[in-house]
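Student:
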Amino acid sequence: MGEKRQAIYDATTLGKPKMALLGLQHMFAMFGATILVPILVNGYFNGEGLSVQVTLFFAGIGTLLFHLFSKFKVPAFLGSSFAFLGGFATVANLNSGKYADMTYGEKLPYACGGIVVAGLLYLILAIVIKIVGVKKVMHFLPPVVTGPIIICIGLSLAPSAVSNASANWFLALVALFVVIFFNIWGKGMFKIIPILMGVVISYVVALIMNAVGFTNADGSAILDFAPVAEASWVGLPPFQIAKFDLTAVLVMAPIAIATMMEHVGDISAISATTNKNFIEDPGLHRTLFGDGLATAIAGLFGGPANTTYGENTGVLELSKVYDPKVVEIAAVYAIVVSFIPKISDIIGTMPTAIIGGISFILYGMISAIGVRNVVENKVDFTKSRNLIVAAVILVSGLGFSDGITFTIGNTPVTLTSLAIAALLGIILNAVLPGNDYDFGINHKGDINRGVSFNNHEEVG
Numbered sequence: 039m040g041e042k043r044q045a046i047y048d049a050t051t052l053g054k055p056k057m058a059l060l061g062l063q064h065m066f067a068m069f070g071a072t073i074l075v076p077i078l079v080n081g082y083f084n085g086e087g088l089s090v091q092v093t094l095f096f097a098g099i100g101t102l103l104f105h106l107f108s109k110f111k112v113p114a115f116l117g118s119s120f121a122f123l124g125g126f127a128t129v130a131n132l133n134s135g136k137y138a139d140m141t142y143g144e145k146l147p148y149a150c151g152g153i154v155v156a157g158l159l160y161l162i163l164a165i166v167i168k169i170v171g172v173k174k175v176m177h178f179l180p181p182v183v184t185g186p187i188i189i190c191i192g193l194s195l196a197p198s199a200v201s202n203a204s205a206n207w208f209l210a211l212v213a214l215f216v217v218i219f220f221n222i223w224g225k226g227m228f229k230i231i232p233i234l235m236g237v238v239i240s241y242v243v244a245l246i247m248n249a250v251g252f253t254n255a256d257g258s259a260i261l262d263f264a265p266v267a268e269a270s271w272v273g274l275p276p277f278q279i280a281k282f283d284l285t286a287v288l289v290m291a292p293i294a295i296a297t298m299m300e301h302v303g304d305i306s307a308i309s310a311t312t313n314k315n316f317i318e319d320p321g322l323h324r325t326l327f328g329d330g331l332a333t334a335i336a337g338l339f340g341g342p343a344n345t346t347y348g349e350n351t352g353v354l355e356l357s358k359v360y361d362p363k364v365v366e367i368a369a370v371y372a373i374v375v376s377f378i379p380k381i382s383d384i385i386g387t388m389p390t391a392i393i394g395g396i397s398f399i400l401y402g403m404i405s406a407i408g409v410r411n412v413v414e415n416k417v418d419f420t421k422s423r424n425l426i427v428a429a430v431i432l433v434s435g436l437g438f439s440d441g442i443t444f445t446i447g448n449t450p451v452t453l454t455s456l457a458i459a460a461l462l463g464i465i466l467n468a469v470l471p472g473n474d475y476d477f478g479i480n481h482k483g484d485i486n487r488g489v490s491f492n493n494h495e496e497v498g
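Residue numbers for the sequence shown follow my numbering, beginning at 39 and rising by one.
#1: Beta-carbon within less than 7 Å of ALA421's beta-carbon, same chain only, minus the 5 sequence neighbours each way: which residues are those?
#2: Alpha carbon to alpha carbon, what distance is there between ASP361 and MET388?
#3: So, using beta-carbon positions, are PHE398 and ALA203 closer together than 8 Å?
#4: Might you give, ordered along the chain, the residues of its own chain that have their beta carbon closer than 6 Å to the beta carbon of ALA369, omitting 5 neighbours on each side?
#5: Quick one: grab the DSSP three-state call for ALA205.
#6: For PRO379 versus ALA280, is the C-beta distance shorter than 8 Å?
#7: Taking contact to mean at least 3 C-beta pairs separated by less than 8 Å, is the stretch 400-420 in contact with the stretch 124-138?
#8: Hey, would you say LEU149 sits closer than 8 Å to ALA286, going by beta carbons?
#9: By Cβ distance below 6 Å, which residues in the same chain neighbour VAL237 in space, the five residues on each side in sequence not counted?
#10: Please state if the CB of VAL175 and the CB of ILE167 are separated by a distance shorter than 8 Å.
#11: From which residue to which residue does the beta strand (DSSP E) around GLY171 run?
#12: Go through its chain and collect everything with a Cβ distance to LYS54's Cβ below 8 Å, but skip five positions before and after it.
#13: Looking at the secondary structure, which residues open and close the alpha helix (DSSP H) in which THR387 lies?
#14: How about ILE187 and GLY463: are their beta carbons less than 8 Å apart?
#15: Are the stretch 347-360 and the stretch 401-408 in contact at 8 Å, needing three or more beta carbon pairs?
#16: Return the CA-CA distance between THR184 and LEU425, expressed in angstroms with no decimal places.
#17: If you compare alpha carbons, which of PHE83, LEU60 and LEU179 is closest to ILE431?
#18: In angstroms, rounded to a whole number, what distance separates the CA positions of THR50 and LEU354?
#19: Counting Cβ pairs closer than 8 Å, one from the stretch 319-332 and one from the stretch 112-122, do we hit at least three?
#20: With respect to the beta strand (DSSP E) encompassing LEU470, which residues constitute its N-terminal and C-terminal limits?
#21: Residues bridged to ILE162 by DSSP?
#22: Would you call the CB atoms of GLY151 and PHE282 closer than 8 Å?
#23: Using only alpha-carbon positions, find the residue among ALA196, VAL242, LEU195 and ILE189 that is nearest to ALA213.
#24: Taking all protein chains shown into account, decide if GLN499 is buried (16 or more other Cβ within 10 angstroms of its Cβ) or exposed.
#25: Span of the beta strand (DSSP E) holding GLY117?
#26: Would you mind working out which of HIS177, ALA71 and GLU144 sits nearest ILE465, comparing C-alpha positions?
#27: Which two residues bound the contiguous beta strand (DSSP E) that contains THR345?
#28: For ALA58 and ASP418, what's the separation of their Cα atoms in angstroms?
#29: So THR93 packs on VAL112, CB below 8 Å; how close in whole Å?
#30: Would DSSP call ALA255 helix, strand or coil?
#31: Taking Cβ to Cβ, would you say ILE260 is nearer than 8 Å to ASN254?
#32: Within the continuous alpha helix (DSSP H) that includes GLY236, where are the two ends?
#33: Applying the 10 Å Cβ sphere with the 16-neighbour rule, what's the burial state of ASP304?
#34: DSSP three-state label for VAL112, please.
#35: Quick one: grab the DSSP three-state call for VAL272.
#36: Since GLY328 is in the alpha helix (DSSP H), which residue starts that stretch and which ends it?
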C-alpha cells in the first residue's frame, strides 16, 4: 500500500513554503466543521446567534493558547465544539422567568456565559490532576476505555460525512479519490498534502460543474457567490461580552463532562498517531488547562466552546508531519481570515459535498486510530471484564444518538452519547474486578506504549 514514510517531527527541514502549504491544509481540514457550528447556532437563534468571524478568531487564538500551555509539544488544532449545540438550542428556547421577554440575540450572551463556566471546569480538573498525579487519574482511563471512546468519536461523526456527501455524490467521490490517490501514489510534497489537493481539485471541478449548469441533488446551485459579493474586505469580528445566569449555566456547564472525556480520547488519539505520550509529557493537566482556558476566553467574548479537532488528527495521520508548528501556522491563518470577511465567505462557498467526501477519510482515520490504540497497548480481550467495558462504551457511544435529557429543577440537561459512553466505561472499569492497569508501568497487561516510543520510528 505504497512506500513507508519516515515521520517528520521538525517541519523546518521541509522549508518555509512547504510549511505554509501544510498549515493551509490544516486550515481547510478544520474550516468546514468550525464554521458549521455558528451556522447551526444561527438557526437556533433565528439569525442572531454566533458570528463566523468571532468563531474563526477564537479557533486561532484558542489553538495558540493551547500550544502555549502544552509547551508547544502537541500538534492539536482547537475548533468549534459540536457538543454544546444542544445547549445552545435549549437556551434559545428558554421562555420563562427573565428569558420570557428576551429576543434571541439577548439570550445568546447567557449561553456564552455557560460556556465560560464549562471552560473553568476544565481548569479545576487540570488542577486536580496536577495535585494527585496523572497516574492516579489515568488508572481510571486505561486503553480499554480510551480506545473504544476514540473509535466512537470517529464513528459518531460518520453520519455527518454521509449527510454532507449526499448533497452531491459525484463531487464527494472526486474529493475522496483525489485524497486517496495523492496519499498512496503521490510523490514528494504532494504525498503529504493529500487533503489540500482533494480540496483544491474538487473545488475546481465544482467551478466547472457550476459553470455548465449542473446542480446538487436537491436542485440547488453547487456554488453560491452571493454572500461573497456582499462581504467587505476588512471587518472587525463582532465580539460581545458574556452574561451569567444560573439557568443557562446549568444547561451549558454539565456538557463539559462529555467534552473533558472527549479531550482525553483526542489526546490519546494524537499520542497514538504521533508515537508520543502527550498524556505524560507535557501532561494531561496542561492540555486540559489549555483547552479549558481557550473555551472560557472564547465564551467570554461571544464565541463557541473549543475542542481538539479530530479532522486535524486525521491530517497528521495522512501527512506524517507531526510538527506542532504547522498547526500553529493554520491558527494564524484562521485569525487573519477572521478579519477578512470576503475571504472567509469565499472559503465558506466550499460545497458541503466536498467536505463530506474528505470527511470519509478523516473521520474513519479517527476510529482506525482508536483500534490501533487498543492493539498497540495490548488490551487483553480474552478477559471478560475488558470485553464488557468496551462493549458498553461502543453501544452507548453509537446508540444514544440524541443523548439523554433529564431535568434539574426546571432546567433540562442533556448528556451526549459520548459523555454517556465515557461515564459508563469509567464506572465499569472502576468497579469490575481485574483492573490491573498501571499507567506507564504495567508491561504485562494493558501497557501504555508511550513510555517507550521512539521519535525516529518508521511509520507508514
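Beta carbons: idealized from backbone N, C-alpha and C, even for Gly. On a predicted model such as this, the values are computed, not experimentally measured, just so you know.
Tutor: On the basis of the coordinates in this document:
#1: For clarity, residue 421 is Lys in the given sequence; the question names Ala instead. Counting only Cβ-Cβ distances below 7 Å, and skipping sequence neighbours, we find GLY472.
#2: One C-alpha to the other measures close to 27 Å.
#3: Going by C-beta atoms, PHE398 is nearer than 8 Å to ALA203.
#4: Short of 6 Å from the beta carbon of ALA369, and not among the five residues preceding or following it, lie these beta carbons of its own chain, in chain order: GLY98, THR101 and LEU102.
#5: Three-state DSSP puts ALA205 in coil, outside helix and strand.
#6: Their beta carbons are not under 8 Å apart, which means PRO379 does not touch ALA280 by this criterion.
#7: Result no; under three Cβ-Cβ pairs closer than 8 Å.
#8: Rather than Leu, the amino acid found at residue 149 in this sequence is Ala. Closer than 8 Å, so yes.
#9: Closer than 6 Å at the Cβ level, and outside the excluded window around VAL237, lie PHE66.
#10: Cβ distance < 8 Å, so ILE167 and VAL175 count as in contact.
#11: Looking at the DSSP string, GLY171 is not in any beta strand (DSSP E), and its letter there is neither H nor E.
#12: Apart from the 5 residues on each side of it in sequence, LYS54 has no Cβ closer than 8 Å to any other Cβ in its chain.
#13: Here THR387 belongs to no alpha helix (DSSP H), and DSSP marks it neither H nor E.
#14: Yes, the Cβ-Cβ distance between ILE187 and GLY463 is below 8 Å.
#15: Touching, yes.
#16: Whole-angstrom Cα-Cα distance: 14 Å.
#17: The shortest Cα separation from ILE431 among PHE83, LEU60 and LEU179 belongs to LEU179.
#18: Taking the straight line joining both Cα atoms gives about 16 Å.
#19: Verdict: yes, contact present.
#20: Where LEU470 is concerned, there is no enclosing beta strand (DSSP E), because DSSP gives it neither an H nor an E.
#21: According to DSSP, ILE162 bridges with nothing at all.
#22: Contact flag set, yes.
#23: It is VAL242.
#24: The structure shown does not extend to residue 499, since the chain spans only 39 to 498, so no value can be given for it.
#25: That run of the beta strand (DSSP E) goes 116-118.
#26: When only C-alpha atoms are compared, the closest one is HIS177.
#27: Note, THR345: beta strand (DSSP E), 344-346.
#28: Going by the C-alpha atoms only, they are around 43 Å apart.
#29: Contact between THR93 and VAL112 is absent: CB atoms are separated by about 22 Å, not below the 8 Å threshold.
#30: Of the three classes helix, strand and coil, the one that applies to ALA255 here is coil, per DSSP.
#31: Closer than 8 Å, so yes.
#32: Its alpha helix (DSSP H) spans residues 232-249.
#33: It is buried - the Cβ of ASP304 has at least 16 other Cβ atoms within 10 Å.
#34: Reduced to three states, the DSSP call for VAL112 is coil.
#35: Here VAL272 sits in coil by DSSP.
#36: Looking at the DSSP string, the run of the alpha helix (DSSP H) that includes GLY328 is 322-338.
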